[in-house]
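Numbering of the first sequence is given in the numbering used here, commencing with residue 1407 and proceeding in unit increments. Step one of this worksheet: look at the structure below.
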Amino acid sequence: MRLSRYFLPVLKETPSEAQIVSHRYMLRAGMIKQAAAGIYSWLPLGFRVLKNIERIVHEEQQRAGHIPMLMPTLQSADLWRESGRYDDYGEEMLRITDRHGRDMLYGPTNEELITDIFRSHVGSYKDLPLTLYHIQWKFRDEIRPRFGVMRGREFYMKDGYNFDVDQASAIHAYNRHMVSYLRTYERMGLQAIPMRADSGPIGGEDTHEFLVLADTGESEVFYDSAITDLKMGDRAVDYDNWDDCAAIVREWTAPYARTDETHDAAVFAEVPQERQRRSRGIEVGQIFYFGTKYSEAMGARVVNDKGERVPVHMGSHGIGVSRLVGAIIEASHDDKGIIWPEGVTPFHCGIVNLRQGDEAADAACEALYASLKALGLEPLYDDRDERAGGKFATMDLIGLPWRITVGPRGLKNGVVELTSRRSGVSEEMTPEMAVERIAEVYAHHHRAAHAQPMPQRAFHTWI
RNA sequence: CGGGGCGUAGCGCAGCCUGGUAGCGCGGCGGUUUUGGGAACCGUAGGUCGUAGGUUCGAAUCCUAUCGCCCCGACCA
């Protein structure tokens, strides 16, 4: 993309309403524009990040054998009356009446809809296990929306639902989700720690929240520092293997890690003193096993191998996609702006032409731009007629992890400058070498590297 | 919903107390000189002062109502 033809309304000054760093930078970098309290338009740059996060979520869900679909934002109140939540959910649910006087609602979540779909079409244990998910806008009428997209009223969320014939296989689904979530967050350059949580209005017996450590987090968290040393890395995971998944879950749940809701000072005291950590965290996901809570209320039953009709065991799982945009910024920024992890960056690298209009500089930039595009990478070429300082400031603010700086001075010696946004380190090298280096950096983040679904599959519905 | 605050040009703000017909910085547009970390100068456009009523010869300013937004709290992906 050429910046001169893009829409990137950056702000030099911080809008007064923004209190926390992610909100400030999202506004200043031209990522969002507030439409109403807790409701935002996603401008082109923000939209690219949102879509990158969404893409990673999709890839990791499908890798784990989960099936994408899409349910509507508006729902009929009838199903919610059936589950009993029409009254339980309270003021946070946005209720709407259509022209015929029918009670509708803007969905805060989708357990009712998915259960209705399930009971209409699935009747036998032979159709299980089944995990369906979608990524869709939700609305929760927060009393006080704040912190930009971190606590909006309208938000983009992946929610998935697993259906299993009995508790044991439902627990495996739970474990499988924890593993896939760990991978998902790691690919975004985040460390999200699973912490034992309260179930809240969703209900359930077993649940973990995933928290990103950040000073501005809304939850107080207590953990054993051993957990932050854990990495999924490149390890091969067989999502069909109950023991493998359970082992990884044990690895991540053995060290103490809880939010203030479930914190137990006595248990925490058993963690060696030097490993006790107390911090703040941003919740970016949660997984639940809730047994037969909805299936019993709504009559979602299957016939098991003994010919008995039994309520299906369910779980649900959510990832706050729009919130993650803010959470990543909270976890990765400095005083100049955002520092995007390679996995989610809106553009793979920036090209800064220090002397727009200079024949050699223009030509070198065009060549770099073409080479990067040819490799399937998307550079952002700052070809505006701006001074160097302004271009650098913009690049630093919008946080592209890599920058190639091109100027007449370097070109005289046949070199350009490659700069890491994170470390600030600059190296001079030929343009060809810079392209090669960028390509290497992104080799692991390419879509192709993640598009392979699990090789062995137990899910009958998987393509 | 309780407490606090704010709505004046695209953004950040002053003016309000003590009414007299709107200003500053940044940004925009045109031009000249510049050009390796947010340049300088000249020119120029842009506002029914959130909205509605009231008081007054006269309201951004005083009064009333209303809408919106932000912050703290309870609540929450």
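For every residue, glycine included, the Cβ atom is placed at its ideal position computed from N, Cα and C.
Beta-carbon proximity check, Ile1693 vs Gly1721, cutoff 8 Å: Their beta carbons are under 8 Å apart, which means Ile1693 touches Gly1721 by this criterion.
Under the three-state DSSP convention, the category Glu1364 falls into: The structure shown does not extend to residue 1364, since the chain is modelled only from 1407 through 1869, so no value can be given for it.
Inter-residue spacing [alpha-carbon to alpha-carbon] between Tyr1431 and Gly1782: Tyr1431 and Gly1782: Cα-Cα distance of roughly 28 Å.
Counterpart residues of Thr1665 in DSSP-defined beta bridges: Answer is Val1627, bridged to Thr1665.
Delimiting residues of the alpha helix (DSSP H) encompassing Leu1588: 1573-1593 is the span of the alpha helix (DSSP H), which, as asked, contains Leu1588.
7 Å CB neighbourhood of Arg1454 in its chain, flanking five on each side removed: Result list for Arg1454: Pro1752, in chain order.
Secondary structure, alpha helix (DSSP H): runs of 4+ residues fully inside the region 1440-1515: Correct list: 1450-1469, 1483-1489, 1491-1494.
Helix, strand or coil at Val1708 according to DSSP, with G and I counted as helix: Assignment of Val1708 by DSSP, reduced to helix, strand and coil, places it in the strand class.
Alpha carbon of Arg1815 to alpha carbon of Gly1756, nearest angstrom: Linking Arg1815 to Gly1756 through their CA atoms gives a straight-line distance of about 19 Å.
For Met1839, the first and last residue of its enclosing alpha helix (DSSP H): Counting along the chain, the alpha helix (DSSP H) containing Met1839 begins and ends at 1837-1848.
Ala1470 and Tyr1629 closer than 8 Å at C-beta: Taking 8 Å as the Cβ cut-off, Ala1470 and Tyr1629 do not qualify as a contacting pair.
Residue closest to Lys1712, alpha-carbon to alpha-carbon, out of Glu1548, Gly1813, Val1571: Residue Val1571 is the option with its Cα nearest to Lys1712.
Length of the line joining the Cα atoms of Asn1659 and Arg1602: Note on identity: in this sequence residue 1659 is Thr, with Asn being the wrong assignment. Roughly 8 Å separates the two Cα atoms.
Close-in-space but distant-in-sequence residues of the same chain around Cys1651 (CB under 6 Å, 5 per side omitted): Closer than 6 Å at the Cβ level, and outside the excluded window around Cys1651, lie Asn1581, Arg1582, Val1585.
Other residues of its chain near Met1638: CB distance less than 6 Å, five sequence neighbours each side excluded: Once the five neighbours on either side are set aside, the close Cβ partners of Met1638 are Leu1588, Arg1589, Glu1592.
Distance CB(Ile1438)-CB(Ser1447) smaller than 8 Å: Ile1438 is a Cβ neighbour of Ser1447, given a cutoff of 8 Å.
Proximity of Val1690 and Gly1726 at Cβ, strictly below 8 Å: Remark: C-beta atoms of Val1690 and Gly1726 approach each other more closely than 8 Å.
CB of Glu1834 within 8 Å of CB of Val1847, strictly: Note that the C-beta distance between Glu1834 and Val1847 is not below 8 Å.
Environment of Asp1741 [buried if 16+ CB atoms lie within 10 Å]: An exposed status is given to Asp1741, since fewer than 16 other beta-carbon atoms sit within 10 Å of its beta-carbon.
Gly1813 beta carbon less than 8 Å from that of Arg1761: Contact: yes.
Distance between Tyr1539 and Glu1702 (C-alpha atoms, nearest Å): Their backbone Cα atoms lie some 21 Å apart in a straight line.
Boundaries of the beta strand (DSSP E) in which Pro1814 is found, first to last residue: Not the beta strand (DSSP E): Pro1814 falls in the alpha helix (DSSP H), residues 1814-1817.
CA nearest to the CA of Ala1480, picked from Arg1501, Glu1466, Asp1493: The question names Ala, but residue 1480 is Leu in the sequence shown. Answer by Cα proximity: Arg1501.
Beta-carbon proximity check, Asn1759 vs Ala1767, cutoff 8 Å: Yes.
Cα-Cα separation, Val1709 to Tyr1787: Straight-line measurement puts the Cα of Tyr1787 at about 60 Å from the Cα of Val1709.
Pairwise C-alpha distance: Val1841 and Ala1769: Across the structure, Ala1769 and Val1841 are spaced so that their CA atoms are roughly 15 Å apart.
Segment limits, beta strand (DSSP E) that includes Thr1825: Thr1825 -> beta strand (DSSP E) spans 1822-1826.
Residues of its chain near His1739, where Cβ-Cβ distance is below 7 Å and the 5 sequence neighbours each way are ignored: If we look at His1739 and ignore the five residues flanking it on each side, its Cβ neighbours are Val1427, Tyr1431, Ile1745.
Leu1824, buried or exposed, once every other Cβ within 10 Å from all chains shown has been counted against 16: When all chains shown are included, Leu1824 counts as buried.
Exposure label - Ile1654; buried when at least 16 CB within 10 Å: So Ile1654 ends up on the buried side.
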